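Top to bottom, those sequences are chains A and B.
If you're matching positions, the first sequence starts at 1 in this note's numbering and goes up one per residue.
If you're matching positions, the second sequence starts at 250 in this note's numbering and goes up one per residue.
The block underneath contains the structure these notes are about, expressed in structure tokens.
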Amino acid sequence: MNGMRAWAALLKKDFKLTRTIFFVGLVINLLFVMLTMYVGKIADNTLLMFIPLGVAIVFHIFYIPMMVFISLKTEANQLHLWLHNPQPASRLLLSKIVNGLIMVIISLLMLYVMSGLLIEPKSSFIEPYWADIWTSGLLIFPHIIILSAMIGVCVLFLWSLFQFYKFRIGRWSWLVVIGAIVIPNWVTSLFESTSLYRLGTNWGGITYNFPSFSIAPIQIYTGEYLYNFVIIIGLFILTAWIIDNKVEV
Amino acid sequence: MIQMTNVSKKYMNHSALHEISLTLPIGKIIGIVGENGSGKSTILKLISGLSYPTSGTVTVNGVTANRRISKVVSYLSELDSFYYIFTVNQAMDFQASQFPDFNLSKAGEIMKFMQLEPQMKIKDLSKGNRARLKIMLTLAREVPYILMDEPLSGLDPMVRESIVKGMISYIDLESQTLIMTSHEIAEIEPLLDCFIAIKGGALLKMIDVEKLHESEGQGITSWMKKNYV
């Protein structure tokens with residue numbers, strides 16, 4: 001009970017640290033919706049009008065990483081205040097990810113509702129594409145949230161690595177961060193091109209068809225999700241361990 | 250009991266502490282003195298688990314210190330350390346939510362004593378009031394070890410004496426130890442049971458203040474003048 005209360009207070013604090021950016025983001029969403037309306041007026045009855053909205057949705061991939069980074073930047077200014085806390089680092093970090101997650105869902109919901117309102121008067125010309133728009137929406141929205149959360153965890157890891165090395169090698173710690181981006185990406189892409197990877201992940205296939213968009217069917221595998229999930233959970237646990245045992249003020 | 254055994258600390262090429270061994274018991278008010286950069290703050294960071302020794306060990310109640318030693322250690326940093334989004338009251342509530350040992354009624358008493366306005370935003374507080382707030386948030390925890398790094402810095406010289414006296418009245422010497430660093434030796438000297446003198450990262454002396462008076466016939470300030478200048 002006490003643990004839950006402590007964590008809820010952390011989440012509330014993390015929301016307060018990032019709320020200005022959150023509200024600015026909602027205003028930017030509104031501007032994108034207005035731009036979509038404007039494009040809709042000058043380019044009548046084409047799917048082109050949804051390009052600004054699409055751009056706004058895709059940019060949400062960077063939402064959680066950005067929120068996590070802003071929050072961590074504030075903590076870094078007074079690191080002893082954040083670290084001098086009996087809760088395990090996993091809880092401190094989870095609060096930042098959940099805060100970003102709640103915000104990205106609200107922001108995407110806002111765009112979803114707004115785009116629904118925009119589509120309503122154009123329903124006659126949207127109708128032939130409707131089933132595919134619905135399916136692609138179901139595919140895109142959760143994937144943007146998942147990708148955003150995954151990059152958010154990567155930001156946590158790189159930040160903790162930077163904090164760990166800054167007292168040891170000073171400004172060279174940036175090189176470690178760059179190395180921690182480049183080398184694992186290179187190793188991962190090598191591994192993902194092997195038949196071992198395909199053997200381990202190509203199971204539980206789901207195929208998405210979009211007949212009205214004239215694109216090839218998209219095949220995804222449950223095994224790939226599990227693979228990415230394990231990597232992200234591992235990275236999160238490693239980050240928490242670094243913060244609990246290695247980061248200093 | 251706090252135990253430091255052969256503790257050395259290096260920051261890159263700079264040696265901050267060298268082979269320090271100390272045992273600090275419960276129920277004392279201990280001052281750490283020394284010139285700027287002598288390693289006073291580093292000792293407090295090591296005990297609070299916010300820094301790790303390059304060699305040697307630091308244990309608190311038999312447990313190796315890491316950041317989660319904050320369960321039994323309350324730490325006040327010499328730096329301004331606040332979430333400026335909070336008011337005084339919100340900072341108090343946040344502290345109470347994170348530390349089950351935070352005594353809200355004691356915090357309320359200290360807040361009154363420190364003449365802090367509960368509704369004031371931290372970012373609007375004067376430097377002196379921010380120093381008072383830090384003291385309140387640290388002292389209201391009922392933990393065995395309270396570490397204060399330069400708690401008097403930022404406080405008006407006219408009020409330092411009364412605040413120091415007030416601080417001591419909120420410590421239970423049956424179950425708590427207060428360890429503090431300060432440049433204002435003369436102001437804290439009458440309160441200290443014991444002091445640790447650090448010079449160039451090494452332990453120069455650790456002695457009870459009474460014993461110092463008996464053996465050398467002088468107080469900390471005059472002893473320091475003799476040994477540091």
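Just so you know, even glycine gets a beta-carbon here, dropped at the ideal spot from N, CA and C.
No experiment lies behind these values; they were computed from the predicted model shown.
Original post:
Taking valine 321(B) as the reference, which of Phe348(B), Asn476(B), Met397(B) and Gln364(B) has the closest Cα?
Top reply: Phe348(B)
Original post:
Does the pairing of the segment 254 to 267 of chain B with the segment 303 to 317 of chain B give three or more beta-carbon distances under 8 Å?
Top reply: yes
**OP:** Using alpha carbons as the reference points, say which of Leu11(A), Met34(A) and Glu127(A) lies closest to serine 71(A).
**Re:** Leu11(A)
Subject >> tyrosine 129(A) (DSSP reduced to helix, strand or coil) >> reply: helix
**OP:** Tell me, please, which residues DSSP counts as bridged to phenylalanine 167(A).
**Re:** In DSSP, phenylalanine 167(A) forms no bridge with anything.
Subject >> Distance CB(leucine 404(B))-CB(isoleucine 412(B)) smaller than 8 Å >> reply: yes
Original post:
For the candidate residues Ser287(B), Arg379(B) and Leu293(B), whose alpha-carbon lies nearest to that of leucine 273(B)?
Top reply: Scanning Ser287(B), Arg379(B) and Leu293(B) for the CA closest to the CA of leucine 273(B) turns up Leu293(B).
Original post:
Roughly how many whole angstroms lie between the Cα atoms of glutamate 192(A) and tyrosine 225(A)?
Top reply: 13 Å
Subject >> C-alpha distance - threonine 194(A) paired with cysteine 154(A), whole-angstrom precision >> reply: 24 Å
Original post:
What span of residues does the beta strand (DSSP E) with serine 264(B) cover, start to end?
Top reply: 263 to 273
Original post:
Is it the case that the CB of isoleucine 233(A) approaches a heavy atom of the ligand MN more closely than 7 Å?
Top reply: Ligands displayed in this structure: none; no statement on the ligand MN is therefore possible.
**OP:** Return the bridge partner residues of tyrosine 477(B) from the DSSP annotation.
**Re:** Paired residue(s): none; tyrosine 477(B) is not in a bridge.
**OP:** Scan the segment 143 to 174 of chain A for residues whose Cβ lies nearer than 9 Å to a Cβ of chain B and list them as they occur along the chain.
**Re:** So the list reads Phe167, Arg168, Ile169 and Gly170, given in the order they occur along the chain.
**OP:** Please list the partners that leucine 81(A) has in chain B, where partner means a Cβ-to-Cβ separation under 8 Å.
**Re:** Ser326, Ser330, Phe331 and Tyr332
**OP:** Give the single residue among Glu433(B), Ile469(B) and Leu422(B) whose Cα lies nearest to the Cα of isoleucine 275(B).
**Re:** Leu422(B)
**OP:** List in chain order: all unbroken alpha helix (DSSP H) runs of 4+ residues lying wholly within the segment 13 to 73 of chain A.
**Re:** 51 to 59
**OP:** May I ask which residues mark the beginning and end of the alpha helix (DSSP H) holding asparagine 228(A)?
**Re:** 222 to 245
Original post:
Are there three or more Cβ pairs, one per stretch, closer than 8 Å when the segment 361 to 377 of chain B is compared with the segment 111 to 120 of chain A?
Top reply: no
Original post:
Going by Cα to Cα distance, which pick from Ala89(A), Tyr197(A) and Leu147(A) is closest to tryptophan 241(A)?
Top reply: Ala89(A)
Original post:
Using the beta-carbon of each residue, which ones in chain B are nearer than 7 Å to valine 27(A)?
Top reply: Correct list: empty, because the minimum Cβ distance to chain B is about 20 Å.
**OP:** Indicate whether leucine 271(A) and alanine 180(A) have their beta-carbon atoms separated by less than 8 Å.
**Re:** In the structure as shown, chain A starts at 1 and stops at 249, and residue 271(A) therefore has no counterpart that could be examined.
Subject >> CB contact check: alanine 240(A) to chain B, cutoff 8 Å >> reply: no
Subject >> Neighbour list for aspartate 14(A) in chain B, Cβ cutoff strictly below 7 Å >> reply: Residues of chain B passing the Cβ test: none, with the nearest at roughly 10 Å.
Original post:
Between Leu453(B), Met369(B) and Lys259(B), which lies nearest to valine 282(B) when the distance is taken from Cα to Cα?
Top reply: Leu453(B)
**OP:** Just the C-alpha distance for tyrosine 419(B) and alanine 389(B), rounded to the nearest angstrom, thanks.
**Re:** 8 Å
**OP:** Taking C-beta pairs closer than 7 Å, name the residues in chain B that asparagine 99(A) reaches, listed in chain order.
**Re:** Correct list: empty, because the minimum Cβ distance to chain B is about 13 Å.
Original post:
Just reading off the alpha helix (DSSP H) that isoleucine 412(B) is part of, what are its end residues?
Top reply: It spans 406 to 418 - the alpha helix (DSSP H) in which isoleucine 412(B) sits, taken as one unbroken run.
Original post:
Relative to the alpha-carbon of isoleucine 61(A), which residue among Asn2(A), Thr135(A), Thr207(A) and Val104(A) has its alpha-carbon at the smallest distance?
Top reply: Val104(A)
Subject >> Three-state secondary structure assigned by DSSP to glutamine 78(A) >> reply: coil
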